[in-house]
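A short write-up of the structure that comes next.
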Amino acid sequence: MKYIKTHPTKYTHALIIFDWLLTISILAAIVVDFFAVPILNFVIYTFGVVVLIVTTTLLILDWLTRK
12 MKYIKTHPTK
22 YTHALIIFDW
32 LLTISILAAI
42 VVDFFAVPIL
52 NFVIYTFGVV
62 VLIVTTTLLI
72 LDWLTRK
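Each number in the working numbering comes from the position in the sequence shown (counting from 1) with 11 added on.
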């Protein structure tokens, strides 16, 4: 992450935002597991999966831009 911040591309800002969203969704999933509410679990996990897919896509695009 340090390298990405010091050598930015057009994907850097979005990548940093989605990195924070991924961290928040992981923490939210851990907290929601304690409450055992199925609908809330589904929503949090689905959000986490979408954020993970977008973050991976941004990382690949960032890597291709740097090549």
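Just so you know, even glycine gets a beta-carbon here, dropped at the ideal spot from N, CA and C.
{"Query": "Neighbour-count burial assignment, F29, 16 or more Cβ in a 10 Å radius", "Result": "buried"}
{"Query": "Host alpha helix (DSSP H) of A47 (start-end)", "Result": "Taken as a continuous stretch (DSSP letters only), A47 belongs to no alpha helix (DSSP H), as it is neither H nor E."}
{"Query": "Cβ shell of K16 (< 8 Å), same chain only, five flanking positions each side left out", "Result": "T23, I27"}
{"Query": "Segment contact, 8 Å Cβ cut-off, at least three pairs: the stretch 40-51 with the stretch 61-77", "Result": "no"}
{"Query": "For V62 and S36, believed in contact at Cβ under 8 Å, the rounded distance", "Result": "6 Å"}
{"Query": "For K13 and K78, the rounded distance between their alpha carbons", "Result": "18 Å"}
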